[in-house]
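Protein sequence lines correspond, in order, to chains H and E. With positions in the first sequence counted from 1, the corresponding number in the numbering used here is that position plus 24. With positions in the second sequence counted from 1, the corresponding number in the numbering used here is that position plus 24.
2 protein chains.
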Amino acid sequence: MSPPLGINLGSVTDAGQEPRWLDQDEMRAWRNYVTGAAMLEDRLHRELQTGHGLSLADYELMVRLSEQPGGRMRMSQLAEDVASSKSRVSHQVARMEREGLLARRECQDDGRGVLAELTPKGLEALKTAAPTHVDGVREHIIDLLTPQEQEVLAKVFDRVITHLRSLDG
Amino acid sequence: MSPPLGINLGSVTDAGQEPRWLDQDEMRAWRNYVTGAAMLEDRLHRELQTGHGLSLADYELMVRLSEQPGGRMRMSQLAEDVASSKSRVSHQVARMEREGLLARRECQDDGRGVLAELTPKGLEALKTAAPTHVDGVREHIIDLLTPQEQEVLAKVFDRVITHLRSLDG
């Protein structure tokens, strides 16, 4: 077993205004989540990379575009949806454009802003990779959970999303 | 509302061997988790970056070292613990060494392998940043959950970890 867990640095921080360190149960929840989420992301990424030469980040970006009418979306909205910075998404989209998966277009509505658009090659890559990804999501998390646990997961992260959106809004 | 959610590409994939697409409840659990986890990571990262000039990835790596005797750990173990590739961790450690947060040492046990070791400056950076991080973890997830929900989160990701370790083992 590893020593007292991660985030609690009560033993080493300066005395004075002690923050409310996590108790044992809270720490177990947080630590398992952080480790499990990182391992899960890494696994799903490697499955897409090995099977289809796609990164998980590229896959998720293309999924979001595929859900939009015409497979296109404003870059700023895209950045918000994948919880990434505009500059990071901008680099990612530029690279994916060079790979032929996406194209960038000017937004015709108002002349401002740029749209990212899924190309036929991008849609094809997504279609080919999707069965691999859904199999991984089932095997590595969804099918390991009871319907009740799935419901808790949905509720908990819905609350996190609502809370975080309220901070940015 | 957004159109039918993300991972389900039943409408666009080739017919034939249909994978088991997620049903509505499974999709809601998966989608909320993916989005919430990305937003949470982004928020905690920005809080550390703004407040202390540290990335979340650097913080998590230093936490793991701080838990070890002498604040040191084999690079290969470190990569496993943060669910990252050896080459990515190797670059990260080299950069952090240049910043004075870590030092690399030869492993004395067997002459093979390299250890990463937290420097006094690294430990100081960690101590300074820890209260910010624990406040964020409480505010953005832990304090939003009931004890029962925390317990489900702990159990669910413990199962994910055990499952994923069994695949690599």
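Think of the CB as a built atom: it goes at the ideal place given N, C-alpha and C, for glycine as much as any other residue.
In the three-state DSSP reduction, H/Arg44 falls in the coil class, being neither helix nor strand.
Inclusion of H/Arg128 and H/Val138 in the CB contact set at 8 Å is warranted, their separation being smaller than that value.
Beta-bridge pairing by DSSP links E/Val138 to E/Glu130. When the Cα atoms are used, H/Ile165 and E/Ser108 turn out to be separated by approximately 19 Å. CA-CA distance, E/Glu173 to H/Val176, rounds to 7 Å. Using a CB distance cut-off of 8 Å, H/Leu168 counts as an interface residue toward chain E. Between H/Asp49 and E/Pro171, the C-beta gap is smaller than 8 Å, which places the two residues in contact. The closest CA to that of E/Met120, considering only E/Val184, E/Glu163, E/Gly95 and E/Asp82, is found on E/Asp82. Judged by pairs of C-beta atoms under 8 Å, the region 182-191 of chain H does not touch the region 86-94 of chain H, as fewer than three such pairs exist.
Around the C-beta of E/Pro144, fewer than 16 other C-beta atoms lie within 10 Å, and the residue is accordingly described as exposed.
For H/Arg162, the closest C-alpha among the options E/Val158, E/Leu188, E/Glu163 and E/Gly75 is that of E/Leu188. Just so you know, the alpha carbons of H/Met97 and H/Ala140 end up roughly 6 Å apart.
Contact between the region 144-159 of chain E and the region 72-86 of chain E is present: 3 or more CB-CB pairs across the two stretches fall below 8 Å. As the crow flies, the alpha-carbon of E/Tyr57 is around 7 Å from that of H/Ala178. As the crow flies, the alpha-carbon of E/Pro43 is around 36 Å from that of E/Gln101.
E/Ile185: member of the alpha helix (DSSP H) spanning Pro171 to Asp192, first to last residue. Taking 8 Å as the cut-off, the beta carbon of E/Val117 is found no closer than this to the beta carbon of E/Val106. Look at the region 98-127 of chain E: the residues with a C-beta under 9 Å from a C-beta of chain H are Asp105, Val106, Ala107, Ser108 and Ser109. A distance below 8 Å between beta-carbons, with the five flanking residues on each side excluded, links H/Arg67 to the following residues of its chain, in chain order: Gly160 and His164.
Assignment of beta-bridge partners to H/Met97 by DSSP yields H/Ala140.
Collapsing the DSSP output to three states places E/Val106 in coil.
Restricting attention to E/Asp47, E/Val158, E/Thr59 and E/Met99, the CA atom closest to the CA of E/Leu80 is found in E/Val158. Judged by their CB atoms, H/Leu169 and H/Met86 are not nearer to each other than the 8 Å cut-off. With its beta carbon at least 8 Å from every one in chain H, E/Asp82 lies outside the interface. Measuring C-alpha to C-alpha distances from H/Glu130 to each of H/Ala103, H/Gly124, H/Met99 and H/Lys110 identifies H/Met99 as the nearest. Taken through DSSP and simplified to helix, strand or coil, H/Ser79 comes out as coil. Not one beta carbon of chain H lies nearer than 8 Å to the beta carbon of E/Ala149. Taking 8 Å as the cut-off, the Cβ atoms of H/Ala61 and E/Ala61 count as close. Contact between E/Leu72 and E/Thr156 holds, since their C-beta atoms are separated by about 6 Å, short of 8 Å.
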